[in-house]
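Asker: Mind looking over this structure? Questions follow.
Numbering (UniProt numbering), first residue to last: 1 to 105.
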């Protein structure tokens, strides 16, 4: 349980920047990641492509999961897939920094 003085940082969805907001919410800071940083990751993942497959063709976000994973790795974290086929008992909650969930609406 959080102490009463602790507030939770929450960025609301804006444009196609759900990956950016998810990362900043995970790290509880508006400064954790910037759009420019995620754009740079896109370029590093596919440096020779005119149209980058890791983000929107318009360059306004819609980053794919590879960008999210690379951003986490840049901060010394890793990600792994977990879905309903796996038993939740296998999770070691004391080793987990946080969760990012993609729930279809």
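We put the beta carbon where it would ideally sit given N, CA and C, even for glycine.
Quick one: what's got a C-beta closer than 7 Å to residue 26's C-beta in the same chain, skipping five residues either side?
Answerer: Correct list, in chain order: 98, 100.
Asker: Whose CA, out of 72, 54, 28, lies closest to the CA of residue 64?
Answerer: For residue 64, the nearest C-alpha among the options comes from 54.
Asker: What is the rounded straight-line gap between the Cα of residue 11 and the Cα of residue 41?
Answerer: One C-alpha to the other measures close to 21 Å.
Asker: Are the CB atoms of residue 61 and residue 16 nearer to each other than 7 Å?
Answerer: It is a contact, given that the beta carbons lie within the stated cut-off.
Asker: Tell me which same chain residues have a C-beta within less than 8 Å of the C-beta of residue 21, skipping the five on either side of it?
Answerer: So the list reads 11, 12, 13, 14, once near-sequence residues are dropped.
Asker: Just mark residue 33 as buried or exposed, buried being the case when its beta carbon has 16 or more other beta carbons within 10 Å.
Answerer: Burial call: buried.
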